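**Student:** Attaching a single structure in C-alpha cells format; questions to follow.
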Amino acid sequence: MLNRSAGACVREVGSAAALRLSPRARLAFSTLGVVAAGLAALLPALAIGYWLLSSQPVAHGTGMQMVAIATALLHLLPMSWGLLRLRVCLAQFATGHPFAAEGIAGLRDFALGTGLSALAKPFAGMLFMLASSWNGGPKQIAIEISSDVMILALFAGVVASLAWAMEKAAVLAEENSQFV
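Offset between the sequence shown (1-based) and this note's numbering: plus 627.
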C-alpha cells in the first residue's frame with residue numbers, strides 16, 4: 628500500500644511499515660542518537676571529574692569527595708540510562724520505524740529515566756547537605772525543589788504520555804492492517 632503524507636512514503640501496512648525518510652531526516656535522527664549517547668557518558672564523567680579534580684579542596688577530605696560523587700551520580704545515572712534508551716528510539720526513527728515496539732519502549736524508558744532523575748535531584752542535594760554537616764556540630768537538612776526540577780518532571784510526564792499514545796497508535800494500526 629502506498630500512502631503519501633507529509634513528504635513520507637509508507638510501503639507496508641501495520642507495525643512493519645517503514646517511512647522513507649530524507650537523508651537529512653535520517654542524519655538528524657542519527658546525530659541526535661549520537662548526542663544522546665555522548666551525554667549519557669559525559670554527564671557522570673564530568674561530575675566525577677569535577678569532584679576529583681576540583682581546585683577547591685573538599686573540607687572533609689576524600690570521604691566527602693566520595694559522598695559528593697555518590698550524591699551526584701544518584702540523579703545523573705537514571706538520566707544517563709534514559710539517554711541511552713533514547714538512542715534506541717532515535718535509531719528506530721532513523722530507519723523509518725517510528726511505531727516499532729523497541730523504539731517506543733526506548734522513548735518510554737527515556738521518560739522514566741528523566742522522571743527518576745528529576746525526583747532524585749532534591750534528595751541527592753539533601754543527602755549531600757546532611758553529609759557535609761555530619762562532622763561539624765548540628766546536623767543540617769535542606770531540600771531544594773527548583774523550577775528546573777519541576778520542568779524536568781513535567782517534561783518526563785509529557786514524553787511518557789507521548790510514548791503511551793504511540794504505543795496505542797501502533798496497536799490500532801496493527802489491528803487495522805488485519806482488515807485490509
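All C-beta atoms, glycine included, are put in the ideal place defined by N, C-alpha and C.
Here the structure is a predicted model, which is why all the values come from computation and not from measurement.
Consult DSSP for glutamine 805 and reduce its assignment to one of helix, strand or coil.
**Tutor:** Mapped onto the sequence shown, residue 805 falls at position 178. Here glutamine 805 sits in helix by DSSP.
**Student:** Between the alpha carbons of alanine 635 and isoleucine 778, how many angstroms are there, rounded?
**Tutor:** Residue numbering aside, residue 635 sits at position 8 when the sequence shown is read from its first letter. Residue numbering aside, residue 778 sits at position 151 when the sequence shown is read from its first letter. Interpretation of alanine 635 is limited by its pLDDT of 45, a score under 50 that renders its predicted location unreliable; the figure taken from the coordinates is listed afterwards. Spanning the two alpha carbons is a distance of roughly 33 Å.
**Student:** Mapping the DSSP letters down to three states, classify glutamine 767 as helix, strand or coil.
**Tutor:** In the sequence shown, residue 767 corresponds to position 140, counting from 1. If DSSP states are grouped into helix, strand and coil, glutamine 767 belongs with coil.
**Student:** Determine whether the beta carbon atoms of alanine 747 and leucine 713 lie at a separation below 7 Å.
**Tutor:** Here residue 747 corresponds to residue number 120 of the sequence shown, with the count starting at 1. Here residue 713 corresponds to residue number 86 of the sequence shown, with the count starting at 1. No, the pair does not count as a contact, with Cβ atoms beyond the cut-off.
**Student:** Is the distance from the Cβ of tryptophan 708 to the Cβ of glycine 688 below 7 Å?
**Tutor:** To locate residue 708, count along the sequence shown from 1; it is residue 81. To locate residue 688, count along the sequence shown from 1; it is residue 61. Their beta carbons are not under 7 Å apart, which means tryptophan 708 does not touch glycine 688 by this criterion.
**Student:** Does glycine 764 have its Cβ less than 7 Å from a Cβ in chain C?
**Tutor:** Of the protein chains in the structure, only one exists, and it is not chain C.
**Student:** Leucine 679: which of Ala699, Thr722 and Ala787 sits nearest, CA to CA?
**Tutor:** For the purposes of this step, residue 679 is identified with residue 52 of the sequence shown, where counting begins at 1. Looking at the Cα atoms, Ala699 is the closest of the given residues.
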